[in-house]
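Enquirer:
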Amino acid sequence: MSNPQQLRYSKEHEWLSAAEDGVATIGITEFAANALGDVVYAQLPEVGSTVTAGEECGELESTKSVSDLYSPVSGEVTEINEDVVSDPSLVNSAPFEGGWLFKVRVTDEPADLLSADEYTQLAG
Amino acid sequence: MTNTPRLTALDAVHRALGATMTDFAGWDMPLRYGSERDEHNAVRTKAGLFDLSHMGEITVTGPEAVKVLDYALVGNIGTIGVGRARYTMICQEDGGILDDLIVYRLGETEYMVVANASNAQVVLDAVTERAAGFDAEVRDDRDAYALIAVQGPESPGIVKSLTDADLDNLKYYAGLPGTVAGVPALIARTGYTGEDGFELFIKPEHAVELWEALTKAGEAAGLVPAGLSCRDTLRLEAGMPLYGHELTTSLTPFDAGLGRVVKFEKEGDFVGRAALEAAAERAATNPPRKLVGLIAEGRRVPRAGFSVVAGGEVVGEVTSGAPSPTLGKPIAIAYVDAAHAEAGTSGVGVDIRGTHEAYEVVALPFYKRQK
Numbered sequence: 001m002s003n004p005q006q007l008r009y010s011k012e013h014e015w016l017s018a019a020e021d022g023v024a025t026i027g028i029t030e031f032a033a034n035a036l037g038d039v040v041y042a043q044l045p046e047v048g049s050t051v052t053a054g055e056e057c058g059e060l061e062s063t064k065s066v067s068d069l070y071s072p073v074s075g076e077v078t079e080i081n082e083d084v085v086s087d088p089s090l091v092n093s094a095p096f097e098g099g100w101l102f103k104v105r106v107t108d109e110p111a112d113l114l115s116a117d118e119y120t121q122l123a124g
Numbered sequence: 001m002t003n004t005p006r007l008t009a010l011d012a013v014h015r016a017l018g019a020t021m022t023d024f025a026g027w028d029m030p031l032r033y034g035s036e037r038d039e040h041n042a043v044r045t046k047a048g049l050f051d052l053s054h055m056g057e058i059t060v061t062g063p064e065a066v067k068v069l070d071y072a073l074v075g076n077i078g079t080i081g082v083g084r085a086r087y088t089m090i091c092q093e094d095g096g097i098l099d100d101l102i103v104y105r106l107g108e109t110e111y112m113v114v115a116n117a118s119n120a121q122v123v124l125d126a127v128t129e130r131a132a133g134f135d136a137e138v139r140d141d142r143d144a145y146a147l148i149a150v151q152g153p154e155s156p157g158i159v160k161s162l163t164d165a166d167l168d169n170l171k172y173y174a175g176l177p178g179t180v181a182g183v184p185a186l187i188a189r190t191g192y193t194g195e196d197g198f199e200l201f202i203k204p205e206h207a208v209e210l211w212e213a214l215t216k217a218g219e220a221a222g223l224v225p226a227g228l229s230c231r232d233t234l235r236l237e238a239g240m241p242l243y244g245h246e247l248t249t250s251l252t253p254f255d256a257g258l259g260r261v262v263k264f265e266k267e268g269d270f271v272g273r274a275a276l277e278a279a280a281e282r283a284a285t286n287p288p289r290k291l292v293g294l295i296a297e298g299r300r301v302p303r304a305g306f307s308v309v310a311g312g313e314v315v316g317e318v319t320s321g322a323p324s325p326t327l328g329k330p331i332a333i334a335y336v337d338a339a340h341a342e343a344g345t346s347g348v349g350v351d352i353r354g355t356h357e358a359y360e361v362v363a364l365p366f367y368k369r370q371k
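Right under this line is the structure:
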């Protein structure tokens, strides 16, 4: 699998797009989606709520388990992906594209976000 | 037990197929090859191919083989005809369930007991100990067999295309020796999916050859390799118990709603008889919790160990739960206090990480195939 070069990554297997007008898009990586198996339910943070880098902000249920969703950055949630809410399998079929999860107006980001190459080394 | 996982004879095949592997009872087994939901749906509508070589085979032979099994197990083994199979259990002296089993009668005085991988050693030890004094031999045949299952509505056609065996007259819970794709096999019409299907007990050295022949023969019919993940959701929908979840040593077959497997009418004593008679009485007069099905009204998935709640009180515990591909909703099997166990009981929920989610109480199974 290949992790898009233009994204940055967290050690919790989230990806983060470059911010446009201060708003970044967040999702989970293909590695994470494969590890979860078929995602059947996504509980995403509420629009308008504040998320904190490294803290849980939702959950993803798959056939075998439930996993906490972490935000890779801090800020205000401006939008969630309603397509994923109604069809969580998008997380598996297009984790870097149609399966994005939520957008955040970034107020703070940790210093240890990874580049695509660094993340690829971590996730294998 | 060593820490190195055991590999089945099909290990290289699974890896070549890109399977996600998982440790299961000390075995490295395929969890899924792609989407477990697609694999599940293939078994319900077409066919799936499973490697079940982790299952534990124990052979009991000799003039008193049947007496050993009638004493060691709770079922009436003496009534199993040659070529037939029976679902049964092995219990402790106190009635607690050691394992659920399928016993195949392979010949006049030859039986094969198939135990769960996680319990194979326990069952082997118990049957060996209980065989003392009988004229019979108990043999550990775990390494003598690989086990490949073909399950799903297309499975009869697929297996038929590779064998001359008379599958039309092979009933559910029957087994006959034959040849499949040139490989000698015990062909059993058994399974753990709620679908029609076959389990093929073969020598491990023939496993790859048979797997490949079945893959090819099933291609047009939509057969896909299927992992343990979908096997679990298939059996859950079919309301079939899983040892370690619905069945444990702290429960008797009567507690699990499976008292019918205990045959008090059989001749002679058997291990657990006295305790099981008391358990039967208790289940008839003052039942403890009952095993029920739960269907979610929402989308959050109940998992084993979650509390079942009603009116703010804990009234039961989930033993298995998963998103059901067939129903399109989360489902669970749970032990629930008798007062809340009737199908249609309202106000029952599951505590999912602090939130009480509403659930409908239903009778098991969730899914029954149309015959």
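Just so you know, the protein sequences line up as chains A and B, in that order. Take the first sequence: its letter number 36 is residue 36 in this note's numbering, and every next letter is one higher. Take the second sequence: its letter number 99 is residue 99 in this note's numbering, and every next letter is one higher. Just so you know, even glycine gets a beta-carbon here, dropped at the ideal spot from N, CA and C.
#1: At a cut of 8 Å, does the stretch 339-356 of chain B reach the stretch 294-305 of chain B through at least three beta carbon pairs?
#2: Under 8 Å, CB to CB, which of the residues in the stretch 284-314 of chain B have a partner in chain A?
#3: Does the beta carbon of R32(B) sit closer than 8 Å to a beta carbon anywhere in chain A?
#4: Quick one: list the residues of chain B neighbouring N127(A), beta-carbon separation under 9 Å, in chain order.
#5: Alpha carbon to alpha carbon, how far is R105(A) from Y70(A)?
#6: Can you find at least 3 beta carbon pairs, one from the stretch 54-71 of chain B and one from the stretch 215-224 of chain B, that sit closer than 8 Å?
#7: Taking 8 Å as the threshold (beta carbon to beta carbon), is Y70(A) in contact with chain B?
#8: Give the straight-line distance between the Cα atoms of G227(B) and D166(B), rounded to the nearest whole angstrom.
#9: According to DSSP, is D70(B) part of a helix, a strand, or is it coil?
#10: For my contact list, L63(A) and V77(A) are in at a C-beta cut-off of 8 Å; report their separation, rounded to the angstrom.
#11: Whole angstroms is fine: what's the gap from P323(B)'s alpha carbon to V23(A)'s?
#12: Under the three-state reduction of DSSP, which class applies to G349(B): helix, strand or coil?
#13: In terms of residues, what are the limits of the alpha helix (DSSP H) holding D51(B)?
#14: Quick check: what's the CA-CA separation for N76(B) versus S307(B)?
#15: Taking one C-beta from the stretch 171-178 of chain B and one from the stretch 222-239 of chain B each time, how about it: are there three or more such pairs within less than 8 Å?
#16: Excluding five sequence neighbours on each side, which residues of the same chain lie with their C-beta closer than 7 Å to the C-beta of L247(B)?
#17: Who does M240(B) pair with in a DSSP beta bridge?
#18: Using a Cβ-Cβ distance cut-off of 8 Å, determine whether K64(A) contacts chain B.
#19: Under a three-way DSSP split, which group does D108(A) fall into?
#20: Just checking: is the beta-carbon of S320(B) within a distance shorter than 8 Å of some beta-carbon in chain A?
#21: Our contact map puts V43(B) next to L200(B) with C-beta atoms below 8 Å; I'd like the distance itself, whole angstroms only.
#22: Determine, for E61(A), whether the minimum Cβ-Cβ distance to residues of chain B falls below 8 Å.
#23: Please give the ranges of any beta strand (DSSP E) in the stretch 165-241 of chain B, keeping only runs that are unbroken, at least 3 residues long and fully inside the region.
#24: Quick one: using the 10 Å Cβ neighbour count with 16 as the cut-off for buried, is E36(B) buried or exposed?
#25: Below 9 Å on C-beta distance, what does P323(B) contact in chain A?
#26: Thinking C-beta only, is L49(B) closer than 8 Å to V150(B)?
#27: Who are D99(B)'s beta bridge partners in DSSP?
#28: Under 8 Å, with one C-beta from each stretch per pair, do the stretch 108-119 of chain A and the stretch 178-193 of chain B reach the 3-pair mark?
#29: Nearest CA to the CA of V74(B): which residue from S53(B), G268(B), E297(B) and H14(B)?
#30: Please work out which residues of its chain come closer than 8 Å, Cβ to Cβ, to S177(B), disregarding the five sequence neighbours upstream and downstream, and give them in chain order.
#31: By the three-class DSSP mapping on this structure, what secondary structure does F372(B) have?
#32: Under 8 Å, Cβ to Cβ, is there at least one residue of chain A near S229(B)?
#33: What is the DSSP secondary structure of H356(B), reduced to helix, strand or coil?
#34: Please decide whether T193(B) counts as near chain A, where near means a Cβ-Cβ distance under 8 Å.
#35: What are the start and end residues of the alpha helix (DSSP H) that includes A372(B)?
#36: Is there at least one Cβ from chain A nearer than 8 Å to T45(B)'s Cβ?
Expert: Per the coordinate set shown:
#1: yes
#2: R299, R300, V301 and R303
#3: yes
#4: Given that chain A is displayed from residue 1 to residue 124, the structure contains no residue 127(A) and the question cannot be resolved.
#5: 16 Å
#6: no
#7: no
#8: Straight-line Cα distance between these residues: approximately 28 Å.
#9: helix
#10: According to the sequence shown, residue 63(A) is Thr rather than Leu. Not really, about 27 Å apart at Cβ, beyond 8 Å.
#11: 34 Å
#12: Correct three-state label for G349(B): strand.
#13: No alpha helix (DSSP H) holds D51(B); the beta strand (DSSP E) holding it covers A47 to D51.
#14: Roughly 36 Å separates the two Cα atoms.
#15: Flag = no, the stretch 171-178 of chain B and the stretch 222-239 of chain B do not touch.
#16: I97, D100, P241 and A256
#17: DSSP, once it has assigned bridges, lists no residue as partnering M240(B).
#18: yes
#19: strand
#20: no
#21: Incorrect: roughly 16 Å between the Cβ atoms, too far for contact.
#22: yes
#23: The stretch 165-241 of chain B contains these whole beta strand (DSSP E) runs: 175-180, 183-188, 197-202 and 223-225.
#24: That one is buried.
#25: D38, V40, Y41, E61, S62 and T63
#26: Yes.
#27: DSSP lists I90(B) as the beta-bridge partner residues of D99(B).
#28: no
#29: G268(B)
#30: In the sequence as displayed, the identity of residue 177(B) is Pro instead of Ser. Excluding sequence neighbours, P177(B) sits near L106, P184, A185, L186 and I187.
#31: Residue 372(B) is absent from the model: chain B starts at 1 and stops at 371.
#32: yes
#33: Of the three classes helix, strand and coil, the one that applies to H356(B) here is strand, per DSSP.
#34: Cβ-Cβ to chain A under 8 Å: no for T193(B).
#35: The first residue shown for chain B is 1 and the last is 371, placing residue 372(B) beyond what the model contains.
#36: No - not a single Cβ of chain A is within 8 Å of the one on T45(B).
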